[in-house]
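Residue numbers (the numbering used here): 233 to 300. All C-beta atoms in this analysis are idealised placements derived from N, C-alpha and C, irrespective of residue type, glycine included. Predicted model only: the values in this text are computed from it and were never measured.
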């Protein structure tokens, strides 16, 4: 695994064989959620609802990639 910084972005290189795509997507969602919560004040219920929305939206857009 390799983490690079380029301008204002991180580039993370992970061999496909090392991490299942679903695990990686869960990790990225968790990072996004923590980032949102750190900058906003909300309830646990609001955070859970946001997480559910993100999961549902992502799956509807990407399920064909995993079900082929």
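For residue i, is the beta carbon positioned less than 7 Å from some heavy atom of the ligand FAD?
i	result
residue 253	Because no ligand of any kind appears in the structure shown, any question about the ligand FAD cannot be addressed here.
In terms of alpha-carbon separation, which member of the options lies closest to residue i?
i	options	result
residue 261	234, 247, 289 and 241	289
residue 280	293, 271, 266 and 292	266
residue 246	233, 275, 264 and 278	233
residue 259	240, 275 and 287	287
With H, G and I counted as helix, E and B as strand and the rest as coil, what does DSSP make of residue i?
i	result
residue 299	coil
residue 273	coil
residue 235	strand
residue 263	helix
residue 251	coil
Assuming residue i and residue j make a contact with CB atoms under 8 Å, what is their CB distance in whole Å?
i	j	result
residue 227	residue 298	The shown model of the chain, from 233 to 300, leaves out residue 227, and the question about it has no answer.
Since residue i sits in a beta bridge, which residues does DSSP pair it with?
i	result
residue 293	Partner(s): none; residue 293 has no beta bridge.
residue 245	234
Under 6 Å Cβ to Cβ from residue i, same chain only, skipping five residues before and after it: list those, please.
i	result
residue 236	243
residue 264	none
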